[in-house]
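Have a look at the structure below, then the notes.
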Amino acid sequence: MGKKKALFMVCLLAVAFGLTALVALFAEKKEESEGILCVTSFYPVQLLAESVAEGADGVTVRNLTENHSGCIHDYTLTTQDMRLLSEAELFLINGGDMELFLEKAASEYTDLTIVDTSEGFVFLEGVGHAHEHDGEEEEGHSEECTNPTHHHEEVSDAHEGHSHVLNAHLWMEIDGYLLQLQRVEEAFVKADPAQAELYRNNARICREELAALKEMYAAAKKVLAGRETVVFHEGFVYLFNMLGVETVHCLAMDADTQIAAGEAAEIIEECRLHGITVLFAEEEYVETVTDTFAGELGGMVVSLDPVTGTESSGNTTAGDEASEHPQAGEKIGVAQYCARMRRNLEKILEVYGVQ
Amino acid sequence: MEFLSYGFMRNALLAICIITPLFGILGTMIVNNRMAFFSDALGHSALTGMAIGVLLGFAGTDLPMLLFALLFALLLNHMKRKSSASTDTIISVFSSLGTAVGLVVLSRGGNFSKYSALLVGDILSITVKEILCLVGVLTLTLLFWLFCFNKLHACSVNKSLAKSKGIPVRLIEDLFAILIAIIVMLSIKWVGILIINALLILPAAAAANISSNMREYHLFSVILSVASGLIGLVLSYYLNAAAGPTIVIVAAVFFGATFFARPLFRT
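See the structure below:
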C-alpha cells in the first residue's frame, strides 16, 4: 500500500471520527431526574397518566411516541426511546398487541415495571381475522366486527401463530377507557404509595368526567340504535358499539393500506344492501375513501377523531373551537379526551340529522 | 462514551462490530462477481419468505425466510445458467415477484403495517443470542473467503478458463449464492430490506475507488465498513435517528470522498 493511500485513509477516518466526537460533545447530556419517571406508550394512555399524576411530587410523565400521529402498530423504537425506557420506573402500555415494537425490547428491561392498562378487557376481533373467511355470509362480517368473542389472554395465546388479530382500540369505548384509568391509578398507587391519596382523588375526578361523557353517549344511543354503518378505522367499531349502531364492515386504513379492488366492491355491495350512505373515516383518509366510495354510493364520508395523537398531529377536525385546543406546554389530560369524544358525538348526531 | 451505559447500545455496538466486517468482505466478492442486484433481489424475497411463514402458521418467520431465500438463490442461479435472457432481466423478474407475492399476502386486510418494520430494520433490539448467531455466520464467511475466494475470483474473471483449471464453477457459484442468502436473511431484521444492499455494496465500491490490488481492496472495504457502522451508530444515538439509514449515509459519504480522491492515486 502506498504512503499516499495510507495517509488518505488516516485523514479520512480522523475527520469522520473527529466530527462524530464533536456531535457527541455538543449533543444533549443524559438526564438525571429524581423521583418516578413514568413512560406511556402512546397518546390515549398519556392522557390518563397525566391526569392521574397531576400535582404529584417528583413524578414525570413522558410519552414514547410523541411525534407519531395515528396508531402505533408500525412504530419502531429510536435510540432516544430506548434511553427513555432505560431510565423509567413505570411503563404504561395500551396492550392488545398495539405495542408490537415491545416484543423483544421488553425482555431487555428487567428493572422496568410494564403495566398493561387493558388487562382484563374483552377485545373485539380485528379486521385481519374477518378477511380469512372468504365466502361467508354477509351477516358474518357484522359479527366479526362487533362481537366481543375473545378475552385478551385467550387471543394473545392464539396470536403466536398470527391467526388472530385484536382490535386494540379500546379507548374508543368509554368503558374500556375507564378500565384503563383504573389500571393507571393502581399502577401509580403501587409505585408511589406515599401519594396514593392524590392519585385516587385525581382518578375519581377523571371517572366523573368520563361518566358524564358516557351519559351523553347513552342518551344518543336511544335515538341512533338500530342504524348500520361502514367505518375505516378499527377504533370507530367500539365507538359505534356504544351508540347501538352496527358496523357491517370495517376496513383498517393506514399509511400502507391500499384498498383492494375486491374489498372495495364488497363494501359497495354491503352498503347498497344495507342502504348505507354515510361512511366514517379518520380525517387524513377521508379523501381516499371519498374518491373510492362516495361517487359509487352517492353518499358522503365523514371524518371522526380516533384520539390517537395531539390535534396538531393530524387529528384536527374542521370547525374545532380554538379554546379546546391545548397550547404548547399546556397540561393535557382526560379533559381533552372528553372534549374530542363529545365532538365526535356531535358530528354523528349532525350527520344523521338528530338533535 | 455515555452511550455505552445502555445495554441496548452495547449489544448494537457488538453486532455492528460483527456485521460490518462481514459485509465488508462479502461486499468485495459481490462487487467482483457483479452480483449487487442479486443480493438486492434476495433482500426483497424476505417479504415472500415471511409471507409463507405467516400462511403456514410458523411461530417465528426466521426459518421460512431463510429456507425460501436458499431456494430463491439456487433457483435464480439455475435460471441464469439456463435462460438466454440477460442476468439483469432474470434477477429483476425474481426480485419483482418476490416483493409482489410478499406484499399481496402480508397486506391482506390492511395489516402490512405489522411487518413494515422489516423495511428499515432495528439493530437496537438485537439480543446476545442473535449476536452469537452472527459470530457463527462471520466464521462461515471467513472460511469461505479463505478457501474459495481465489476460485470465486477466477470464475468472475473467466468461467471457461476457471473450468479448464479444474475449478467446479457451478458449485462455487451456488455456495456463494447460499452464503449471500444466509447472511442477508440473518441480518435483514437488523438493517432492513431497503438498505441492506447499500451496506453490502457501498464500502466495497468506496474501496474499489482507491484500490490498485486485491489486498488493498479487501482491507479498505473492511475498514470503511466498520468505520461507517461505528460512526453511524454513535451519530444515530446522539441525533436520535434510525441506526441503519444513518450508517448508510456515512458509508455514502465515504464513497463520495474516495470517488473524488481517485485522481490522487492514479499512477
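Listed in order, the protein sequences are those of chains X and P. When you line the first sequence up against this note's numbering, it's residues 241 to 595, in that order. When you line the second sequence up against this note's numbering, it's residues 6 to 272, in that order. Yeah, the Cβ is synthetic: ideal placement off N, Cα and C, and Gly gets one too. Bear in mind that the values here come from a model prediction, so they are computed numbers and not experimental data.
Does any residue of chain X have a CB that is nearer than 9 angstroms to the CB of residue i?
{"i": "Leu269(P)", "result": "yes"}
{"i": "Ile81(P)", "result": "In the sequence on display, residue 81(P) carries Leu and not Ile. It does not; no Cβ of chain X falls within 9 angstroms."}
{"i": "Gly54(P)", "result": "no"}
{"i": "Ser192(P)", "result": "no"}
{"i": "Ser130(P)", "result": "yes"}
{"i": "Met14(P)", "result": "yes"}
{"i": "Ala46(P)", "result": "no"}
{"i": "Leu244(P)", "result": "yes"}
{"i": "Ser169(P)", "result": "no"}
{"i": "Phe8(P)", "result": "yes"}
{"i": "Val196(P)", "result": "no"}
Do residue j and residue i count as a contact pair if the criterion is CB distance below 9 angstroms?
{"i": "Gly549(X)", "j": "Phe282(X)", "result": "yes"}
{"i": "Ala212(P)", "j": "Asp127(P)", "result": "no"}
{"i": "Gly3(P)", "j": "Ile201(P)", "result": "Lying before the first or after the last residue shown, residue 3(P) is absent from chain P, which here runs from 6 to 272."}
{"i": "Lys587(X)", "j": "Leu519(X)", "result": "no"}
{"i": "Met34(P)", "j": "Phe154(P)", "result": "yes"}
{"i": "Ala46(P)", "j": "Ser97(P)", "result": "yes"}
{"i": "Gly484(X)", "j": "Pro546(X)", "result": "no"}
{"i": "Tyr417(X)", "j": "Leu410(X)", "result": "yes"}
{"i": "Thr92(P)", "j": "Phe42(P)", "result": "yes"}
{"i": "Leu450(X)", "j": "Leu589(X)", "result": "no"}
{"i": "Gly539(X)", "j": "Cys511(X)", "result": "yes"}
{"i": "Ala182(P)", "j": "Ala90(P)", "result": "no"}
When you compare only the Cα positions, how much space is there between residue i and residue j?
{"i": "Ile312(X)", "j": "Ala246(X)", "result": "48 angstroms"}
{"i": "Arg15(P)", "j": "Asn218(P)", "result": "35 angstroms"}
{"i": "Met493(X)", "j": "Phe265(P)", "result": "46 angstroms"}
{"i": "Ser382(X)", "j": "Leu479(X)", "result": "With a pLDDT of only 39 at Ser382(X), under 50, the local geometry of the prediction cannot be trusted, and the value read off the model is given with reservation. Cα to Cα, Ser382(X) sits roughly 15 angstroms from Leu479(X)."}
{"i": "Ala443(X)", "j": "Asn303(X)", "result": "19 angstroms"}
{"i": "Ala56(P)", "j": "Met70(P)", "result": "9 angstroms"}
{"i": "Glu178(P)", "j": "Asn82(P)", "result": "8 angstroms"}
{"i": "Gly593(X)", "j": "Val110(P)", "result": "41 angstroms"}
{"i": "Leu19(P)", "j": "Leu139(P)", "result": "10 angstroms"}
{"i": "Ser403(X)", "j": "Val301(X)", "result": "Bear in mind that a pLDDT of 41 at Ser403(X), under 50, signals an unreliable position, so the model cannot answer this."}
{"i": "Arg423(X)", "j": "Ser358(X)", "result": "8 angstroms"}
{"i": "Ile187(P)", "j": "Trp150(P)", "result": "15 angstroms"}
{"i": "Val133(P)", "j": "Gly107(P)", "result": "29 angstroms"}
{"i": "Pro433(X)", "j": "Ile276(X)", "result": "12 angstroms"}
{"i": "Met190(P)", "j": "Val255(P)", "result": "23 angstroms"}
{"i": "Phe363(X)", "j": "Asp337(X)", "result": "11 angstroms"}
{"i": "Thr146(P)", "j": "Ala289(X)", "result": "50 angstroms"}
So, does the CB of residue i fall closer than 9 angstroms to a CB anywhere in chain P?
{"i": "His371(X)", "result": "Unreliable positioning characterises His371(X) in this predicted model, as indicated by a pLDDT of 35, which lies under 50. A coordinate reading is not provided."}
{"i": "Ala501(X)", "result": "no"}
{"i": "Lys244(X)", "result": "yes"}
{"i": "Gln576(X)", "result": "no"}
{"i": "Leu352(X)", "result": "no"}
{"i": "Gln320(X)", "result": "yes"}
{"i": "Thr316(X)", "result": "yes"}
{"i": "Met249(X)", "result": "yes"}
Indicate the three-state DSSP secondary structure (helix, strand or coil) for residue i in the structure shown.
{"i": "His83(P)", "result": "helix"}
{"i": "Glu425(X)", "result": "helix"}
{"i": "His278(P)", "result": "Residue 278(P) is absent from the model: chain P starts at 6 and stops at 272."}
{"i": "Val594(X)", "result": "coil"}
{"i": "Thr144(P)", "result": "helix"}
{"i": "Asn441(X)", "result": "helix"}
{"i": "Asp297(X)", "result": "coil"}
{"i": "Phe520(X)", "result": "strand"}
{"i": "Ser543(X)", "result": "strand"}
{"i": "Asn245(P)", "result": "coil"}
{"i": "Phe331(X)", "result": "strand"}
Quick test of the definition: if touching needs 3 or more C-beta pairs under 8 angstroms, does the region 28 to 46 of chain P touch the region 220 to 227 of chain P? The region 28 to 46 of chain P is in contact with the region 220 to 227 of chain P.
Meets three-Cβ-pair contact criterion under 8 angstroms: the region 502 to 509 of chain X and the region 520 to 529 of chain X: Fewer than three pairs of CB atoms, one per stretch, sit closer than 8 angstroms, so the region 502 to 509 of chain X makes no contact with the region 520 to 529 of chain X.
Quick test of the definition: if touching needs 3 or more C-beta pairs under 8 angstroms, does the region 22 to 32 of chain P touch the region 226 to 243 of chain P? Under the Cβ criterion (8 angstroms, minimum of three pairs), the region 22 to 32 of chain P counts as touching the region 226 to 243 of chain P.
Three or more C-beta pairs below 8 angstroms linking the region 155 to 174 of chain P and the region 579 to 586 of chain X: Flag = no, the region 155 to 174 of chain P and the region 579 to 586 of chain X do not touch.
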